[in-house]
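Residue numbers (the working numbering): 64 to 291.
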């Protein structure tokens, strides 16, 4: 399938031989996004780590200062005494056994699941459904916690978690093409500086090898890691 006229125009605006600053890339990504819907803006960061080694596994959480632009659907799996708190904090679905049953039956229409340590045992058998979809709560990402209300609020406000995939790349969605260039850049800097802090001491050579910003269906814009 050939490129559409718009895609060709978008490609022409991105200089393949240029490494852009985060600010310039954030302005350019808005210019080259030509889809009818509000496209998401993504960063792909290639790291100089070997993700097969446990001590080089890069994963973490970051709160994007300008939010994700997405309405994140949150399920709080909590005991009855915590239900009111979770609802008040903005959880879209709140409950326990009936939702465990729905998930067993194949329902996964949520973006994030937040639960409490005492409930984790009940989620074990659902690993087959939740694991592959990245929905399994994890204490490391703050989604298994006694303070469910706080966790719900943070996720709604733009907290995302990320981890390096087996090819050494971290992919994260950092906003929408409708955001101002300043907001896209602000979110990008926040993610990149968080990644910088997570550099494993055992990683050799260049840590941030390449950074690419793109929106849904747009060409990638290469960012100069030195400007980060």
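Positions of the beta carbon are idealized from the N, C-alpha and C atoms, including for glycine.
This one's a predicted model, so the numbers in the text were calculated from it and none came from an experiment.
Exercise. Please determine if the segment 141-160 and the segment 270-286 are in contact, where contact requires at least 3 C-beta pairs separated by less than 8 Å.
Key: no
Quiz prompt | Sequence-distant residues of its chain with Cβ nearer than 8 Å to residue 101 (five each side left out) | solution = 132, 239, 240 and 241
Self-check item: Pairwise C-alpha distance: residue 158 and residue 146
Solution: 7 Å
Quiz item: If we ignore side chains and look at the alpha-carbon of each, how far apart do residue 189 and residue 178 end up?
Solution: 14 Å
Quiz item: Span of the beta strand (DSSP E) holding residue 89?
Solution: Counting along the chain, residue 89 falls outside any beta strand (DSSP E), though it belongs to the alpha helix (DSSP H) covering 85-94.
Quiz prompt | Minimum C-alpha distance to residue 171 - residue among 103, 264, 87 and 194 | solution = 194
Quiz item: Per DSSP, which one or two residues make a beta bridge with residue 274?
Solution: 108 and 286
Quiz prompt | DSSP three-state assignment for residue 101, whether helix, strand or coil | solution = coil
Quiz prompt | Assigned secondary structure, residue 252 (DSSP; H/G/I helix, E/B strand, else coil) | solution = helix
Practice problem: To the nearest angstrom, report how far apart residue 237 and residue 107 are at their CA atoms. | Solution: 10 Å
Self-check item: Backbone CA spacing between residue 166 and residue 250 [nearest angstrom]
Solution: 33 Å
Quiz item: If you pair each beta-carbon of the segment 114-130 with each one of the segment 253-269, do three or more pairs fall below 8 Å?
Solution: yes
Quiz item: Sorted by chain position, which residues of the same chain lie with C-beta nearer than 7 Å to residue 185's C-beta, five sequence neighbours on each side aside?
Solution: 163
Practice problem: Kindly list the residues whose CB is nearer than 6 Å to the CB of residue 268, restricted to its own chain and excluding five residues on each side of it in sequence; keep chain order. | Solution: 111
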